[in-house]
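What follows is one structure encoded as structure tokens, with my remarks underneath.
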Amino acid sequence: MCRHANIQGPNLRSSNGKDGVQRLAFTLIELLVVIAIIAILAALLLPGLSKAKAQALNVACLNNLKQLQVCCHLYALDHNDTLPPNNFVYDVDSGGPSIGFSSNVTWCPGVTRFDTTPANIQRGLLFPYNSSVAIYHCPADRSTVETINGTKLPMLRTRSYNMSQSINGLPIYPDNAVQLIYPPSFQKESSINDPSPSQLFTFIDVHENGILDSLFGIPPSGWKFWDADGNELEATWWDLPAGRHNQGCNFSFADGHVEHWKWAAPKIFEKVGQPVANQTEWKDFHRVQADVRPATDPIFLLAQ
Numbered sequence: 191m192c193r194h195a196n197i198q199g200p201n202l203r204s205s206n207g208k209d210g211v212q213r214l215a216f217t218l219i220e221l222l223v224v225i226a227i228i229a230i231l232a233a234l235l236l237p238g239l240s241k242a243k244a245q246a247l248n249v250a251c252l253n254n255l256k257q258l259q260v261c262c263h264l265y266a267l268d269h270n271d272t273l274p275p276n277n278f279v280y281d282v283d284s285g286g287p288s289i290g291f292s293s294n295v296t297w298c299p300g301v302t303r304f305d306t307t308p309a310n311i312q313r314g315l316l317f318p319y320n321s322s323v324a325i326y327h328c329p330a331d332r333s334t335v336e337t338i339n340g341t342k343l344p345m346l347r348t349r350s351y352n353m354s355q356s357i358n359g360l361p362i363y364p365d366n367a368v369q370l371i372y373p374p375s376f377q378k379e380s381s382i383n384d385p386s387p388s389q390l391f392t393f394i395d396v397h398e399n400g401i402l403d404s405l406f407g408i409p410p411s412g413w414k415f416w417d418a419d420g421n422e423l424e425a426t427w428w429d430l431p432a433g434r435h436n437q438g439c440n441f442s443f444a445d446g447h448v449e450h451w452k453w454a455a456p457k458i459f460e461k462v463g464q465p466v467a468n469q470t471e472w473k474d475f476h477r478v479q480a481d482v483r484p485a486t487d488p489i490f491l492l493a494q
């Protein structure tokens, strides 16, 4: 007597199709169990994938800064040790280009918030040393271009980085400009000594809501500010560092290395020149301040 093997699995059910052929199928409960397992696996894997993506963006940003640092060094080699000029190119009151600065020669002219093309990057003094526009933009920076009136445009900005005020940061004045006092800077690469090249940062990832021109400024140690009544004013961020890399920021340094700094306090932009919020924020402020050239003599400035 011939016996037929039962090929139907223990968790499958048979059903007859329209053609009369018997088919095997999952029950609804079994299908829901499979979907639930897939959902659990996705929940376990997605945070890891998200973390890996964030880390990849951070590494790409550090690589951009490394490339810019190489360009800065090559410029100095080609110009008798002179660091690339690093000048103001916008009007503080209007936020637009300053009169007399439209042809300003600097490492990167223009105002990134309003630049709709990479033309200003291509006019910059470092562009001949690396013709990739992409190295000027942090891949995690999703901020878009806007008009001077604040209208948002559907295009990413072309630049996310600024150069420290300590790197040849003396502005080129228009003929009719008032000569103001600016923080000290180094004009020669070989003259960098306080802080040392391993501590003096050159490029920094800047907060997307505060970036304008291509110079990063912070009050150097030794400067104090007073109001008209003689009251000392609290310190302010002239420019705010970015915090888009897991509440951290990326830097390149004059000796050629790059670093990622984790902030003690979140970087939330409120306004240009916002006060240092609290004691935790002070730690970050002093950390950045320690990595720019200090004032050789205390200067007391009267705030307007």
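Throughout the sequence shown, residue numbering follows this note's numbering, covering 191 to 494 in sequence. In this text, a Cβ means the ideal position worked out from N, Cα and C, and glycines have one as well.
Next on the checklist: Looking at the secondary structure, which residues open and close the beta strand (DSSP E) in which residue 452 lies?
Outcome noted: 448 to 452
Checklist entry - At which residues does the beta strand (DSSP E) containing residue 413 begin and terminate? => result 413 to 416
Checklist entry - Relative to the C-alpha of residue 273, which residue among 444, 480, 452 and 474 is closest? => result 444
Checklist entry - Who are residue 438's beta bridge partners in DSSP? => result 452
Checklist entry - What did DSSP end up calling residue 475 once you bin it into helix, strand or coil? => result helix
Checklist entry - Should residue 353 be labelled buried (16 or more other beta-carbon atoms within 10 Å of its own) or exposed? => result buried
Checklist entry - Cβ of residue 397 within 9 Å of Cβ of residue 430? => result yes
Next on the checklist: Am I right that residue 256 and residue 388 are in contact with their C-beta atoms under 8 Å? What's the rounded C-beta distance?
Outcome noted: The Cβ separation is near 15 Å, so there is no contact.
Checklist entry - What residues are listed by DSSP as bridge partners for residue 352? => result 394
Checklist entry - Do residue 302 and residue 394 have their C-beta atoms closer together than 9 Å? => result no
Item to check | the region 245 to 262 / the region 306 to 325 touching (three or more Cβ pairs under 8 Å) | outcome: yes
Next on the checklist: Measuring straight from C-alpha to C-alpha, what distance separates residue 242 and residue 479?
Outcome noted: 31 Å
Next on the checklist: Using only the alpha-carbon positions, how far apart do residue 439 and residue 223 sit?
Outcome noted: 44 Å
Item to check | Residues of its chain near residue 292, where Cβ-Cβ distance is below 8 Å and the 5 sequence neighbours each way are ignored | outcome: Its pLDDT being 46, under 50, residue 292 is placed unreliably by the model, and nothing is read from it.
Item to check | residue 496 burial status per 10 Å Cβ neighbour count (16 or more: buried) | outcome: For residue 496 there is no data in the structure shown, the boundaries of the chain being 191 and 494.
Checklist entry - If residue 381 sits next to residue 485, beta carbons under 8 Å apart, how far is it from one beta carbon to the other, in whole angstroms? => result Between residue 485 and residue 381 the Cβ distance is about 16 Å, and since that is not below 8 Å, they are no contact.
Next on the checklist: Quick test of your reading: residue 372 and residue 359, contact by CB under 8 Å. State the CB separation rounded to the nearest angstrom.
Outcome noted: 7 Å
Next on the checklist: Let me check understanding here. Comparing Cα to Cα, which of 339, 426 and 344 lies closest to residue 332?
Outcome noted: 344
Next on the checklist: Out of 304, 436 and 379, which one is the CA nearest neighbour of residue 455?
Outcome noted: 436
Checklist entry - Can you name, in chain order, every residue of its own chain whose Cβ lies under 6 Å from the Cβ of residue 308, other than the five neighbours on each side? => result 323 and 348
Checklist entry - residue 464 by DSSP, collapsed to three states: which one? => result strand
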